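So the protein lines, in turn, are chains A and B. Per the numbering used here, the very first residue in the first sequence carries number 2; after that it's consecutive. Per the numbering used here, the very first residue in the second sequence carries number 2; after that it's consecutive. Cβ atoms here follow ideal geometry from the backbone N, Cα and C, with glycine treated the same way. The structure presented is a predicted model; accordingly, all values stated were derived computationally and were not measured. What follows is one structure encoded as structure tokens, with my remarks underneath.
2 protein chains.
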Amino acid sequence: MSMNNSQISDETVIRLLRKKRLKATPQRIAICRFVLDSREHPTAQNIYIKVKEMHPTVSLATVYKTLNILKELGLIKELTFPQGETRFESNREPHINLVCQRCGKIWDVDDLAVRSIIARAVTKVKFNAMSERFDIYGVCERCSKRKAL
Amino acid sequence: MSMNNSQISDETVIRLLRKKRLKATPQRIAICRFVLDSREHPTAQNIYIKVKEMHPTVSLATVYKTLNILKELGLIKELTFPQGETRFESNREPHINLVCQRCGKIWDVDDLAVRSIIARAVTKVKFNAMSERFDIYGVCERCSKRKAL
DNA sequence: GTAGTTGCAAAACTTTTGCACGGCA
DNA sequence: TGCCGTGCAAAAGTTTTGCAACTAC
Numbered sequence: 002m003s004m005n006n007s008q009i010s011d012e013t014v015i016r017l018l019r020k021k022r023l024k025a026t027p028q029r030i031a032i033c034r035f036v037l038d039s040r041e042h043p044t045a046q047n048i049y050i051k052v053k054e055m056h057p058t059v060s061l062a063t064v065y066k067t068l069n070i071l072k073e074l075g076l077i078k079e080l081t082f083p084q085g086e087t088r089f090e091s092n093r094e095p096h097i098n099l100v101c102q103r104c105g106k107i108w109d110v111d112d113l114a115v116r117s118i119i120a121r122a123v124t125k126v127k128f129n130a131m132s133e134r135f136d137i138y139g140v141c142e143r144c145s146k147r148k149a150l
Numbered sequence: 002m003s004m005n006n007s008q009i010s011d012e013t014v015i016r017l018l019r020k021k022r023l024k025a026t027p028q029r030i031a032i033c034r035f036v037l038d039s040r041e042h043p044t045a046q047n048i049y050i051k052v053k054e055m056h057p058t059v060s061l062a063t064v065y066k067t068l069n070i071l072k073e074l075g076l077i078k079e080l081t082f083p084q085g086e087t088r089f090e091s092n093r094e095p096h097i098n099l100v101c102q103r104c105g106k107i108w109d110v111d112d113l114a115v116r117s118i119i120a121r122a123v124t125k126v127k128f129n130a131m132s133e134r135f136d137i138y139g140v141c142e143r144c145s146k147r148k149a150l
């Protein structure tokens with residue numbers, strides 16, 4: 002399953018960076034493109050290994066620095082989990098993450114009711130909501146069919 | 002705001018531990034009581050400092066070991082956040098966490114619709130759900146009224 | 001030209017683990 | 001008494017930071 006469908010062009014990324022007065026270096030463009038294109042919720046390591054294929058000198062520090070920029074710009078969300086497997090997603094719409102605790106895959110599920118629940122909750126206690134995270138943890142169908150460990 | 006309202010007695014905790022053939026040491030009892038009673042979503046450090054008041058020799062390692070036991074027993078949930086501030090909560094019912102990104106406080110909000118959204122999502126993609134997490138990030142009313150930093 | 005960025009190494013933190021001692025059952 | 005649990009220190013793992021060299025603009 003290829004992830005880089007080039008839905009986001011170099012030009013788009015360059016425009017985003019320039020708008021924030023950030024330099025459009027090849028490393029940054031590659032990191033941004035990969036994570037913004039991906040629907041796989043990659044880890045920093047995943048991104049590092051993938052970007053290294055085209056830019057062998059890139060460092061993990063640069064990956065983290067670029068991911069932090071994208072977080073500040075609100076273009077990606079950081080999903081932390083127990084056992085230190087932080088993952089990054091570019092889907093900014095309110096949605097549900099189905100997280101398989103056996104294979105680690107994450108599926109996005111849309112449900113319009115998520116928005117109305119958020120609206121109800123923040124009204125109840127007067128809260129300025131800025132983002133959200135809705136995870137469901139369990140075992141996916143494929144893993145359920147496999148023999149237990 | 003006192004947190005130890007003794008809603009959970011030593012006897013209850015001892016019974017829980019013995020049922021799992023775990024020894025009911027004073028440290029474990031204190032750690033379990035504190036985190037199971039708390040509605041403040043404490044960090045491991047918070048728990049360590051508080052338990053140290055009554056058990057000065059307790060170590061952070063013991064706190065982590067005990068928290069891991071409680072997690073395995075399904076009695077608490079671990080909430081990880083960016084910047085490494087993992088927090089623990091004893092509210093096992095599906096609910097929403099309103100997380101203030103300025104003061105760090107977390108409020109629980111109940112909404113029965115959370116359950117139906119979960120049911121709908123797991124049916125759509127055939128998923129064995131075991132637990133969930135629904136966070137809303139933003140700024141609480143009190144912090145909104147304060148001057149910006 | 002120069003201000004911002006990279007890549008390396010080291011630091012900072014959180015959480016886990018190994019092991020000898022000590023205490024619960 | 002025997003075995004499990006504790007507490008210390010060290011390890012492991014992830015993310016951040018300082019800095020000299022480099023590069024996009």
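Under the three-state reduction of DSSP, C141/B is assigned to strand.
For S60/A, no Cβ of chain B is located within less than 7 Å of the residue's own Cβ. R19/A and K21/B have their C-alpha atoms roughly 59 Å apart. Ranked by Cα distance from A120/A, the options C101/A, P95/A, E41/A and L80/A are led by P95/A. Using beta-carbon distances, R134/A counts as an interface residue toward chain B, with a partner under 7 Å.
When DSSP states are grouped into helix, strand and coil, T44/A belongs to the strand group. Just so you know, the alpha carbons of D112/B and D11/B end up roughly 32 Å apart. Note that the C-beta distance between L37/A and Y49/A is not below 7 Å. Scanning Q84/A, A31/A and R40/A for the CA closest to the CA of V59/A turns up A31/A. When the five nearest sequence neighbours on each side are left out, the beta carbons in the same chain lying within less than 8 Å of the beta carbon of C141/A are those of L99, C101, R103, C104, K106 and W108, in order along the chain. In the structure shown, K125/A adopts helical secondary structure according to DSSP, grouped into three states. Taking 7 Å as the cut-off, the beta carbon of L76/B is found no closer than this to the beta carbon of R88/B. Residues of the stretch 80-109 of chain B whose Cβ lies closer than 7 Å to any Cβ of chain A, in chain order: T81, F82, P83, I97, L99 and W108.
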